[in-house]
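> In the UniProt record's numbering, the protein residues as written are 1 to 562.
Glycine included, every Cβ here is placed at the ideal spot set by N, Cα and C.
Pasting a structure here, questions to come.
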């Protein structure tokens, strides 16, 4: 198949996750032998970043330049390079792509990074968006907003999580960390709470500063580190930076708070943070969140926007507008190193499973090549005869390994864009598997067995139920991401669905119930008739209703020795 030739349009003058995304993905596609080009505004961080990544650019002083014969010059430039895919990254970029489509037809895509809430269904927006093949929503939260706000049919909007490079071994060497701290003039014995992101009010740095002020006296070794540009040229809000510095001075904690500016070595900065705090007010995705997960860090995140879907159940969440809640969450980690380590390890595993750059690029390429990755895969006739399938809605992915043994099961899939994956040598008999919502997932990894009359349910849009490799689920096990009914307080629902992640080589004994928002660590055991309502660490045993950890440092094997 001919490789697509890709143009990224990003005319933004700012510098943040949105602007970095086309540069990162473009660079990765170039590494894999694809031709990638960029249309950007001259003398911006985007232009510099694209050139440094090896992306050839067509640069303009302003978008208005293209409302002239310059558009035809650009089109000739595209034709000369055989560009057949255009990928836009800001809503204003779509107009340029729409105008180009009047001259030469190409596949056009738009990644909606902002989570727009203002309706865009007037005549102008209906025309500019009409040429797009797909709109990519970067989170389930963004997807819900896009469905309501954009002039695009629902089947043309897909949720596509962003990805990041997952290092095989994050930086954990003590000497390396000491040297990085020394470079920043931070004491090597300090405990660091850190934040990475554009310095502006919406990212929650002021609330984090106030939270730090509440607890720093109780923890003399605690330091606060802000990583992000300090000037508008680096994407920051200069007025906000000034207020932040003034508040630091008012609190007389200049020797405890470090603003190191924009850094290209994000991985090194994350390495020295013991706790990463991201109290973003209304994040559409949170690229820094998955970078922190990939760095194997304990995270305090906002309970608003898209961060809960990205971070649950591997982080502590707090109201981003309430410093006292942020401070309380930080102190939970400071007072419980075991929880801090467990959440850091679970975050790293979740990043590898859900947010790797490799997985993201594969999905993106399938769209570029017009191979819709959200189509039902053929189900073998023998599998259909042995089980009862009810599939409603569109754009589902059903991937059942030929070596999986699936018999006498009832499998229900309802909604849009759902995914069921059953890997090699999985053995399931007489079970009920239910996916009900949009963008939901059930994944059962290889060499797992599930006993009869078990019930697996990923219900409500955007929820994920993942079961790792080599697990053993006994009879009558129930795993549910949703309570099944609304619980209300002041007429507002207070019991949203939450993801469930069962690690590798986990043993769930007879009649175990696993409830929403839980994470079961690798090589752990949950005893007969237990109900798990909270996450448990690796190599532990939990029993009871609600289940409590009664042993740690254990393992198990299928073989019975006697």
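Within 10 Å of its beta-carbon, does residue 413 have 16 or more other beta-carbons around it, so buried, or fewer, so exposed?
Along the chain shown, one-based indexing puts residue 413 at 413. Buried is the call here.
> If you measure from the CB of residue 388, is any heavy atom of the ligand ZN nearer than 7 Å?
With respect to small molecules bound, the structure shown includes none, and the ligand ZN cannot be examined in it.
> To the nearest whole angstrom, what separates the beta carbons of residue 270 and residue 230, a pair I think is in contact under 8 Å?
Position 270 of the chain shown, counting from 1, holds the residue named residue 270. Position 230 of the chain shown, counting from 1, holds the residue named residue 230. That pair is no contact at about 19 Å.
> Cβ atoms of residue 159 and residue 417: under 8 Å apart, would you say?
In the chain shown, the residue the question calls residue 417 occupies position 417. In the chain shown, the residue the question calls residue 159 occupies position 159. Taking 8 Å as the Cβ cut-off, residue 417 and residue 159 qualify as a contacting pair.
> Would you kindly report the start and end of the unbroken beta strand (DSSP E) that includes residue 416?
The residue you call residue 416 lines up with position 416 of the chain shown. That run of the beta strand (DSSP E) goes 410-416.
> So, are the CB atoms of residue 13 and residue 53 less than 8 Å apart?
The residue labelled residue 13 in the question sits at position 13 within the chain shown. The residue labelled residue 53 in the question sits at position 53 within the chain shown. Not in contact: residue 13 and residue 53 (Cβ atoms no closer than 8 Å).
> If you check the beta carbons only, do residue 369 and residue 4 fall under 8 Å apart?
Position 369 of the chain shown, counted from the start, is the residue given in the question as residue 369. Position 4 of the chain shown, counted from the start, is the residue given in the question as residue 4. Yes, these two residues count as a Cβ contact at 8 Å.
> State yes or no: is the C-beta of residue 311 within less than 8 Å of the C-beta of residue 299?
Locating residue 311 in the chain shown gives position 311, where the first residue counts as 1. Locating residue 299 in the chain shown gives position 299, where the first residue counts as 1. The answer is yes: Cβ separation under 8 Å.
> Short check: CB of residue 430 to CB of residue 401, under 8 Å?
In the chain shown, residue 430 corresponds to position 430, counting from 1. In the chain shown, residue 401 corresponds to position 401, counting from 1. No.
> Taking residue 173 as the reference, give the member of 361, 272, 406, 70 with the closest Cα.
Locating residue 173 in the chain shown gives position 173, counting from the first residue. The option with the nearest alpha carbon to residue 173 is 272.
> Return the chain-ordered list of same chain residues with a C-beta closer than 7 Å to the C-beta of residue 166, the five sequence neighbours on each side being excluded.
Counting from 1 along the chain shown, the entry for residue 166 is found at position 166. Only 294, 351, 352, 356 meet the Cβ criterion.
> Who are the near neighbours of residue 236 in its chain, counting only those whose CB is closer than 7 Å to its CB and skipping five residues on each side?
Within the chain shown, the letter at position 236 stands for residue 236. Excluding residues within five positions, the ones whose Cβ falls inside 7 Å are 198, 199, 200, 228, 229, 230.
> Going by C-alpha distance, which of 358, 332, 115, 435 is nearest residue 389?
For this step, residue 389 is matched to residue 389 along the chain shown. The option with the nearest alpha carbon to residue 389 is 435.
> Tell me where the alpha helix (DSSP H) around residue 339 begins and ends.
Counting from 1 along the chain shown, the entry for residue 339 is found at position 339. That run of the alpha helix (DSSP H) goes 337-354.
> Leaving out five residues on either side along the sequence, give the residues of the same chain with a beta carbon under 7 Å from the beta carbon of residue 51.
Start at 1 with the first residue of the chain shown, and residue 51 comes out as number 51. Excluding positions up to five away in sequence, the list reads 57.
> Use the C-beta contact count for residue 45: other C-beta atoms within 10 angstroms, 16 or more gives buried, fewer gives exposed.
By one-based count along the chain shown, residue 45 stands at place 45. Looking at its Cβ environment, which holds 16 or more other Cβ atoms inside 10 Å, residue 45 is buried.
> Using the Cβ count rule (16 or more neighbours within 10 Å means buried), how would you classify residue 10?
Position 10 of the chain shown, counted from the first residue, corresponds to residue 10. Buried, because 16 or more other Cβ atoms sit within 10 Å of the Cβ of residue 10.
> Within its chain, find whatever has a CB closer than 7 Å to the CB of residue 442; leave out the 5 residues flanking it on each side and keep chain order.
Walking along the chain shown from the start, residue 442 turns up at place 442. Within the same chain, residue 442 has close Cβ partners 420, 433, 435, 456, 458, 465.
> CB residue 481 to CB residue 467, shorter than 8 Å?
Working through the chain shown from its first residue, we reach residue 481 at position 481. Working through the chain shown from its first residue, we reach residue 467 at position 467. No, these two residues do not count as a Cβ contact at 8 Å.
> Consult DSSP for residue 332 and reduce its assignment to one of helix, strand or coil.
Position 332 of the chain shown, counted from the start, is the residue given in the question as residue 332. The answer is helix: DSSP assigns residue 332 an H, G or I state.
> Indicate the three-state DSSP secondary structure (helix, strand or coil) for residue 161 in the structure shown.
Position 161 of the chain shown, counted from the first residue, corresponds to residue 161. Coil.
> Does the count of Cβ pairs from the stretch 536-547 and the stretch 518-527 closer than 8 Å reach three?
The stretch 536-547 is in contact with the stretch 518-527.
> Return helix, strand or coil for residue 260, following the three-state DSSP convention.
Counting from one through the chain shown, the residue named residue 260 turns up at place 260. Three-state DSSP puts residue 260 in coil, outside helix and strand.
> Can you say whether residue 360 is buried or exposed, counting buried as having 16 or more other CB atoms within 10 angstroms of its CB?
By 1-based counting over the chain shown, the position of residue 360 is 360. When all chains shown are included, residue 360 counts as buried.
> Does DSSP put residue 520 in a helix, in a strand, or in coil?
The residue labelled residue 520 in the question sits at position 520 within the chain shown. Strand.
> Consult DSSP for residue 442 and reduce its assignment to one of helix, strand or coil.
Position 442 of the chain shown, counting from 1, holds the residue named residue 442. Correct three-state label for residue 442: strand.
> Have a look at residue 556 and residue 505 and give me their C-alpha separation to the nearest angstrom.
Working through the chain shown from its first residue, we reach residue 556 at position 556. Working through the chain shown from its first residue, we reach residue 505 at position 505. Taking the straight line joining both Cα atoms gives about 8 Å.
> Is the stretch 84-91 in contact with the stretch 100-118, if contact means three or more CB pairs nearer than 8 Å?
Touching, per the Cβ criterion.
> Which of the three DSSP states, helix, strand or coil, is assigned to residue 552?
For this step, residue 552 is matched to residue 552 along the chain shown. Strand at residue 552.
> Measuring CA to CA, which of 561, 215, 126 is closest to residue 334?
Residue 334 sits at position 334 when you count from the first residue of the chain shown. Residue 334 has its Cα closest to that of 215, out of 561, 215, 126.
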